[in-house]
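A.B. asks:
2 protein chains.
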Amino acid sequence: MCCHSPDMAGHQGGVIVSWVDQFPGLSQLPAPVRDHLISGSTVVTVPEGTVIFGPGKPPANLLLLIDGTVRVQQTSDSGREIVLYRVHAGESCVLTTACLLAYEDYSAEGIAETAVRAAAIPREIFDRLVAESVDFRRFVFTAYSKRITDLFLVIDEIAFRRMDIRLAQKLLELADVDGSIAATHRKLATELGTAREVVSRQLQEFQRRNWIMQSRGIIQILERDPLVKLATG
Amino acid sequence: MCCHSPDMAGHQGGVIVSWVDQFPGLSQLPAPVRDHLISGSTVVTVPEGTVIFGPGKPPANLLLLIDGTVRVQQTSDSGREIVLYRVHAGESCVLTTACLLAYEDYSAEGIAETAVRAAAIPREIFDRLVAESVDFRRFVFTAYSKRITDLFLVIDEIAFRRMDIRLAQKLLELADVDGSIAATHRKLATELGTAREVVSRQLQEFQRRNWIMQSRGIIQILERDPLVKLATG
DNA sequence: TAGGTTCGGTGACCTTGTCACCAAACATCG
DNA sequence: CGATGTTTGGTGACAAGGTCACCGAACCTA
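Dropping the structure here:
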């Protein structure tokens with residue numbers, strides 16, 4: 000975490016513009032709370048690949064992502080990894096507040112998947128805002144709700160769903176408009192919490208059926224329909 | 000949810016005794032907050048087996064368990080189940096607050112595993128307490144932290160750990176002092192999020208090695224040491 | 001004691017995870 | 001440019017785990 004910079008608030012037709020307005024749940028905060036939030040936080044930028052928090056590296060602040068994406072994942076002893084969820088621009092790393100206030104360590108780690116710009120809210124300011132503002136509380140608990148729902152979904156998937164279905168879903172999710180996906184088998188395996196070989200085999204099967212075409216690091220979807228049918232059961 | 004009853008506060012040598020004192024994080028609340036908490040909540044009892052919350056049955060209150068245990072589990076489309084965590088006396092169903100305040104539905108369900116006595120705190124009171132009291136906030140976020148850690152652990156286990164190890168752990172966990180376990184294979188399978196047959200086969204193997212003895216609904220541990228060695232790797 | 005239910009055992013089969021190893025594609029650097 | 005190391009993905013063999021179908025024994029309970 001580096002490159003602290005002053006908040007970029009500015010005047011525009013009499014209205015003060017700030018990163019706060021990019022957060023749906025925060026844009027209607029009453030002026031004093033809003034000011035408190037802005038003055039109490041620092042906008043930071045971190046380069047791609049930075050480990051923002053992790054085992055033995057407890058988060059010091061609540062981060063509200065202005066730009067970029069944070070990937071939260073877990074690594075097993077044996078080295079296999081699984082992606083738990085992603086935090087996108089306009090969202091917050093809210094689960095870290097649990098250990099912010101409880102001083103507990105999490106076993107997951109957060110990695111800047113792209114360059115990230117974020118507002119960092121120190122523990123004390125966060126606590127004060129929760130106390131002061133109904134809207135801020137609503138914002139925090141709504142964010143919690145979404146994350147916990149995500150975790151339940153992950154558990155459901157890894158415990159109960161078949162790999163071919165999950166892989167098809169993931170391909171459709173990652174494909175851009177022309178149906179191409181820039182991802183290695185290794186990356187896909189991490190997304191799904193499985194082994195690389197399993198992904199390779201499954202993709203081989205999709206390729207055999209002419210649903211996809213592969214080259215190193217790139218997968219091209221040839222027939223969307225059967226993938227969709229498989230993904231949606 | 001039934002059997003509402005007045006709070007059983009009483010005098011004892013000049014000190015008011017209440018269920019609040021059974022909660023480590025709440026016993027040091029300042030008097031006004033404490034009173035607010037007591038007066039704003041209702042002590043309820045629910046019989047064993049009651050579904051306290053679930054899909055389509057959003058929780059109406061935050062429950063603080065005075066007595067008994069609540070099992071929180073998830074069921075797949077195919078009918079397989081997995082236990083996510085348990086809430087014991089002195090703890091709270093705190094994850095429900097996320098949907099309490101966000102009006103979201105979760106896919107998990109909570110079941111009274113025994114008869115349960117609990118203090119039910121309505122949404123508005125909960126919100127007010129969070130606003131008023133640092134200690135209550137600390138209590139809430141600490142509880143969150145523990146639950147989320149539990150969920151991360153569950154994900155780690157089902158994604159990365161071997162069944163024989165997990166089963167050995169579970170047996171040791173459930174065994175009473177003389178090493179006997181009252182549980183059907185079906186129950187154990189739900190605990191671990193696997194199929195009954197897998198548990199049966201694995202237990203068969205443990206039996207073949209003379210580590211356990213089985214009869215209908217009961218497993219008796221004969222040799223603890225090898226199970227411990229397996230469980231701890 | 002008859003009938004229904006729950007519990008556990010079993011074999012066949014499929015999917016998923018692990019291990020060992022290899023070759024092609026790519027990157028780097030002299 | 002060629003030599004070298006790294007990343008990526010392919011492959012086969014095998015082990016572990018999940019699914020299906022079916023069975024008999026144990027246990028209600030009426």
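Read top to bottom, the protein sequences are chains A and B.
For the first sequence, numbering that gives the first Met the number 0 gives the first residue as 0, with consecutive numbering after it.
For the second sequence, numbering that gives the first Met the number 0 gives the first residue as 0, with consecutive numbering after it.
Using N, Cα and C, we set each Cβ at its ideal position, and we do this for glycine too.
Please read these numbers as outputs of a predicted model, since none were measured by experiment.
1) With distance defined between alpha-carbon atoms, name the residue in Leu63(A), Glu222(A) and Ile218(A) nearest to Arg208(A).
2) Using a Cβ-Cβ cut-off of less than 7 Å, list which residues of the stretch 149-167 of chain A approach chain B; keep chain order.
3) Which first and last residues belong to the alpha helix (DSSP H) in which Gly39(B) is found?
4) Indicate the three-state DSSP secondary structure (helix, strand or coil) for Tyr105(B) in the structure shown.
5) List the endpoints of the continuous beta strand (DSSP E) containing Leu63(A).
6) May I ask you to verify whether the stretch 174-184 of chain B touches the stretch 167-174 of chain A, counting CB pairs closer than 8 Å and requiring at least 3?
7) Do you know offhand how far Glu243(A)'s Cα is from Val198(A)'s?
8) What residue from Gly67(A), Ile147(A) and Gly55(A) has the CA that sits closest to Thr44(A)'s CA?
9) Whole angstroms is fine: what's the gap from Gly13(B)'s alpha carbon to Val86(B)'s?
10) Would you kindly work out how many angstroms separate the C-alpha atoms of Thr95(A) and Gly89(B), rounded to a whole number?
11) Look at the Cβ atom of Ser91(A), then the Cβ atom of Leu62(A), and state whether they are nearer than 8 Å.
12) What separation, rounded to the nearest whole angstrom, lies between the Cα atoms of Arg215(B) and Ile180(B)?
13) Check the Cβ-Cβ distances between Val86(B) and every residue of chain A, and say whether any is below 8 Å.
14) Please list the terminal residues of the continuous alpha helix (DSSP H) segment that includes Leu199(A).
15) Across which residues does DSSP place Glu80(A) in a beta bridge pair?
16) Over what stretch of residues does the alpha helix (DSSP H) that includes Pro121(B) continue unbroken?
17) Taking Leu25(B) as the reference, which of Val133(B), Ile51(B), Arg200(B) and Ala107(B) has the closest Cα?
18) Closest by CA to Gln203(A), which one among His184(A), Gly192(A) and Trp18(A)?
19) Residues in its own chain within less than 8 Å of Gln213(A) by CB, not counting five upstream and five downstream?
20) What are the complete beta strand (DSSP E) segments, minimum 3 residues, inside the stretch 158-198 of chain A?
21) Can the beta-carbon of Ala158(B) be found less than 8 Å from the beta-carbon of Ile164(A)?
22) Alpha carbons only, please: which of Ala230(A), Lys186(A) and Phe151(A) is nearest the one belonging to Phe54(B)?
23) CA-CA distance, Val227(A) and Lys186(A)?
24) Skipping 5 residues on each side, what residues in its chain have a beta carbon closer than 8 Å to that of Asp155(B)?
25) Expressed to the nearest angstrom, what Euclidean distance is found between the alpha-carbon atoms of Glu108(A) and Arg116(A)?
26) So, is the C-beta of Ser38(A) closer than 8 Å to a C-beta in chain B?
C.D. replies: A quick look at the data gives this:
1) That would be Glu222(A), whose Cα lies nearest to the Cα of Arg208(A).
2) If the cut-off is 7 Å between Cβ atoms, the stretch 149-167 of chain A has Leu150, Phe151, Val153, Ile154, Asp155, Ile157, Ala158 and Phe159 near chain B.
3) Ala30 to Gly39 is the span of the alpha helix (DSSP H), which, as asked, contains Gly39(B).
4) Looking at Tyr105(B) - three-state DSSP - the assignment turns out to be coil, as it is neither helix nor strand.
5) Start and end: Asn60 to Asp66.
6) Not touching, per the Cβ criterion.
7) With chain A covering only 0 through 232, there is no way to say anything about residue 243(A).
8) Of the listed residues, the one whose Cα sits closest to Thr44(A) is Gly67(A).
9) Bear in mind that the predicted position of Gly13(B) carries a pLDDT of just 48, short of 50, making it unreliable; the figure below should be weighed with that in mind. Looking at the two C-alpha atoms, the distance is approximately 32 Å.
10) Computed Cα separation, rounded: 24 Å.
11) Yes. Within cutoff.
12) Rounded to the nearest whole angstrom, the CA to CA distance from Arg215(B) to Ile180(B) is 11 Å.
13) Closer than 8 Å to the CB of Val86(B) there is not a single CB belonging to chain A.
14) Inspection of the sequence shows that residue 199(A) is occupied by Ser rather than by Leu. Secondary structure note for Ser199(A): its alpha helix (DSSP H) is the uninterrupted segment Arg195 to Arg207.
15) Note: Glu80(A) sits in a beta bridge opposite Thr74(A).
16) Not the alpha helix (DSSP H): Pro121(B) falls in the beta strand (DSSP E), residues Val115 to Pro121.
17) Answer by Cα proximity: Val133(B).
18) Comparing Cα-Cα distances from Gln203(A) to each of His184(A), Gly192(A) and Trp18(A), the minimum goes to His184(A).
19) Scanning its chain for C-beta atoms nearer than 8 Å, with the 5 sequence neighbours on each side dropped, one finds around Gln213(A) the residues Leu202, Gln206 and Gln219, in chain order.
20) Here the runs fully enclosed are 179-181.
21) No, these two residues do not count as a Cβ contact at 8 Å.
22) Rather than Phe, the amino acid found at residue 54(B) in this sequence is Pro. Restricting attention to Ala230(A), Lys186(A) and Phe151(A), the CA atom closest to the CA of Pro54(B) is found in Phe151(A).
23) If you draw a straight line from the Cα of Val227(A) to the Cα of Lys186(A), it comes to about 21 Å.
24) Taking C-beta separations shorter than 8 Å and ignoring five residues to either side along the sequence, Asp155(B) has no partners in its chain.
25) One C-alpha to the other measures close to 18 Å.
26) Cβ-Cβ to chain B under 8 Å: no for Ser38(A).
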